[in-house]
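Chemist: Next up is a structure, given as structure tokens.
2 protein chains.
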Amino acid sequence: MRMFDRLSSRGYHVQDILVMRWDQFELDDEMPFQAMWYTVPPGSQSPPDQHPEPELSLVISGTAHVDAGGTVTEVPPGCAFLLDSQEGHVVANRSTDTPLTIFSAFWMPAGDRRG
Amino acid sequence: MRMFDRLSSRGYHVQDILVMRWDQFELDDEMPFQAMWYTVPPGSQSPPDQHPEPELSLVISGTAHVDAGGTVTEVPPGCAFLLDSQEGHVVANRSTDTPLTIFSAFWMPAGDRRG
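Protein chains in written order, with the numbering used here: chain A, 135 to 249; chain B, 135 to 249.
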């Protein structure tokens, strides 16, 4: 069993978003997806993003407001959201005091998957 | 975008563990893994489990004490643990008052994967 400790993991900033990619754990192809944690500070939001990989996100703490194609969905802690391939999205933290932390798994669509 | 709300999802009990399998969302092969949430009440633990699928677990709330092969690892909220194929495990909640909720993703090992 291996434990992945978010608090001691390496991260970097994209604007004021702290991103911790799981590449650092060198799991190579052990998992059929890539993964990251990211934290959006209170009152901030992720830059607009769009990519070929479908992405499953789990809200660990805080509450997300996810804008996908102009529709905003509130996602409370413990809940999840799935973005389709190429679906544009912005993840906002409307709280004034609670950071929003998310775990995301993403993978290439079936037709493009290696192997 | 689809939202998966843990609080309104269907679950069933294995002993006193509440299990909410993602089969109910009928995602079929959209994700390269299967998934579930489960909640271990204070003072309880999961039945011993062992299966061919590697399993990645994320602690959503509470703290897990995971016994894998006789070694117990504490996994705080927001952190994760990865169990290998066929690695026996018991997930305990040693808290007296806080439920332990986990999100798990699991998949067949590469050699056994369909397609």
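All C-beta atoms in this analysis are idealised placements derived from N, C-alpha and C, irrespective of residue type, glycine included.
Just the chain B side, please: which residues come within less than 9 Å of A/Ser195 by C-beta, in chain order?
Modeler: As a working mapping, residue 195 of chain A is identified with position 61 in the first sequence. Under the 9 Å cutoff, chain B gives Ile194, Ser195, Pro211, Gly212.
Chemist: Using 7 Å as the limit for Cβ to Cβ distance, is B/Ala202 near chain A?
Modeler: Start at 1 with the first residue of the second sequence, and residue 202 of chain B comes out as number 68. Judged by the 7 Å Cβ criterion, B/Ala202 is in contact with chain A.
Chemist: What's the gap between the Cα of A/His199 and the Cα of B/Asn227?
Modeler: The residue given as residue 199 of chain A occupies position 65 in the first sequence. The residue given as residue 227 of chain B occupies position 93 in the second sequence. Between A/His199 and B/Asn227, the C-alpha separation is close to 31 Å.
Chemist: So if DSSP puts A/Glu221 in a beta bridge, which residue, or which two residues, is it bridged to?
Modeler: Looking up residue 221 of chain A in the first sequence gives position 87. None; A/Glu221 has no bridge partner.
Chemist: Leaving aside the five residues before and after B/Gln122 along the sequence, list all residues of the same chain whose C-beta is less than 8 Å from its C-beta, in chain order.
Modeler: The structure shown does not extend to residue 122 of chain B, since chain B spans only 135 to 249, so no value can be given for it.
Chemist: Would you identify the three-state DSSP class for B/Ser142, choosing helix, strand or coil?
Modeler: The residue given as residue 142 of chain B occupies position 8 in the second sequence. Looking at B/Ser142 - three-state DSSP - the assignment turns out to be helix.
Chemist: Is A/Gln184 near the ligand ATP, with its Cβ less than 6 Å from a heavy atom?
Modeler: In terms of ligand content, the structure shown is empty, and the ligand ATP therefore cannot be addressed.
Chemist: Since I believe B/Pro233 is in contact with B/Gly274 (beta carbons under 8 Å), could you give me their beta-carbon distance rounded to a whole number of angstroms?
Modeler: Past the edges of chain B, shown from 135 to 249, lies residue 274 of chain B, and the structure says nothing about it.
Chemist: Is it right to say B/Pro188 is buried, meaning 16 or more other beta carbons lie within 10 angstroms of its own, or is it exposed?
Modeler: The count along the second sequence starts at 1 and reaches residue 188 of chain B at position 54. Looking at its Cβ environment, which holds 16 or more other Cβ atoms inside 10 Å, B/Pro188 is buried.
Chemist: Measure how close the beta-carbons of B/Ile236 and B/Trp156 come, nearest whole angstrom, since I'm counting them as under 8 Å.
Modeler: If you number the second sequence from 1, residue 236 of chain B lands on position 102. If you number the second sequence from 1, residue 156 of chain B lands on position 22. B/Ile236 to B/Trp156, Cβ: 13 Å. No contact.
Chemist: Below 7 Å CB to CB, which residues in the same chain sit around B/Ser229 once its five sequence neighbours on both sides are set aside?
Modeler: Within the second sequence, the letter at position 95 stands for residue 229 of chain B. Closer than 7 Å at the Cβ level, and outside the excluded window around B/Ser229, lie Pro176, Gly196, Thr197.
Chemist: For the beta strand (DSSP E) containing A/Gln184, name the first residue and the last one.
Modeler: On the first sequence, position 50 is the one that residue 184 of chain A refers to. A/Gln184 -> no beta strand (DSSP E), and no H or E assigned at all.
Chemist: Under a Cβ-count criterion, where at least 16 other Cβ atoms within 10 Å of its own Cβ denotes burial, should A/Gly204 be classed as buried or exposed?
Modeler: Stepping through the first sequence from its first residue, residue 204 of chain A is reached at position 70. Per the 10 Å Cβ criterion, exposed.
Chemist: Taking Cβ-Cβ distances below 8 Å as the criterion, which residues of the segment 223 to 246 of chain A are in contact with chain B?
Modeler: Flagged, chain order: His223, Thr235, Phe237, Ala239, Trp241, Ala244.
Chemist: Do A/Ala239 and A/Leu190 come within 7 Å of each other at the CB atom, strictly closer than that value?
Modeler: Taking the first sequence and counting its residues from 1, the one referred to as residue 190 of chain A is at position 56. Taking the first sequence and counting its residues from 1, the one referred to as residue 239 of chain A is at position 105. Yes, they are a contact pair.
Chemist: Is the CB-CB distance between A/Val225 and A/Ser180 below 7 Å?
Modeler: Walking along the first sequence from the start, residue 225 of chain A turns up at place 91. Walking along the first sequence from the start, residue 180 of chain A turns up at place 46. The answer is yes: Cβ separation under 7 Å.
Chemist: Buried or exposed: B/Arg140, going by 16 or more other Cβ atoms within 10 Å of its Cβ?
Modeler: Position 6 of the second sequence, counting from 1, holds the residue named residue 140 of chain B. It is buried - the Cβ of B/Arg140 has at least 16 other Cβ atoms within 10 Å.
Chemist: Assign A/Val193 to buried or exposed, taking buried as 16 or more other Cβ atoms, counted over all protein chains shown, within 10 Å of its Cβ.
Modeler: Residue 193 of chain A sits at position 59 when you count from the first residue of the first sequence. Looking at its Cβ environment, which holds 16 or more other Cβ atoms inside 10 Å, A/Val193 is buried.
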